[in-house]
Amino acid sequence: MDGSKINGKTVTEETLLEEGYRKYSGEELDIYYSKDICAHIGNCVRGNPDVFEVGRRPWIITDNGDVEEDIRVINTCPSGALKYIRKDGR
Ligand code: SF4
1 MDGSKINGKT VTEETLLEEG YRKYSGEELD IYYSKDICAH IGNCVRGNPD VFEVGRRPWI
61 ITDNGDVEED IRVINTCPSG ALKYIRKDGR
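The letter at position 43 of the sequence shown is residue 43 when you use UniProt numbering, and the numbering goes up by one with no holes.
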């Protein structure tokens, strides 16, 4: 699933926060997560446990992975619970 879009439209921070996503800021990328949508399948944790670790607070630390790697893992989320917004202009 493309973590930069919802229903084919590029996401904005406003929409994500309205939809109940929480923001996990990084320097060049922000990750957004919706616990209501999460299906607990664990692709994120298996994909990069440095960034996604259940039981840690915060459970997502965006800057523990680089931008491309974070996006790769986010796009493996099958439910749409993970989204991202790039801040590096790419
Ligand atoms: S990959 Fe997505 S659906 Fe699966 S646990 Fe992570 S956030 Fe939840």
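We put the CB at the ideal spot given by N, CA and C, even for glycine.
> For glutamate 28, which of Ile71, Lys35 and Gly20 has the nearest alpha-carbon?
Replying inline: Stepping through the sequence shown from its first residue, residue 28 is reached at position 28. Per the Cα distances, Ile71.
> Does the stretch 10-30 come close enough to the stretch 57-75 that 3 or more CB-CB pairs lie under 8 Å?
Replying inline: As far as the Cβ criterion goes, the stretch 57-75 touches the stretch 10-30, which means the pair count is three or higher.
> Taking three-plus beta-carbon pairs below 8 Å as touching, is the stretch 32-45 in contact with the stretch 70-86?
Replying inline: The stretch 32-45 makes contact with the stretch 70-86, as at least three CB pairs between them are under 8 Å.
> Using the beta carbon as the reference atom, which residues fall closer than 7 Å to any heavy atom of the ligand SF4, ordered along the chain?
Replying inline: Sorted by chain position, residues whose beta-carbon lies closer than 7 Å to a non-hydrogen atom of the ligand SF4 are Tyr33, Cys38, Ala39, His40, Ile41, Gly42, Asn43, Cys44, Val45, Phe52, Thr76, Cys77, Pro78, Ser79, Ala81 and Leu82.
>> On a Cα-Cα basis, can you pick out the residue from Ile74, Arg90, Ser79 and Lys5 that is closest to proline 49?
In response: Translated into positions along the sequence shown, residue 49 becomes position 49. If you compare the alpha carbons of Ile74, Arg90, Ser79 and Lys5 with that of proline 49, the shortest gap goes to Ile74.
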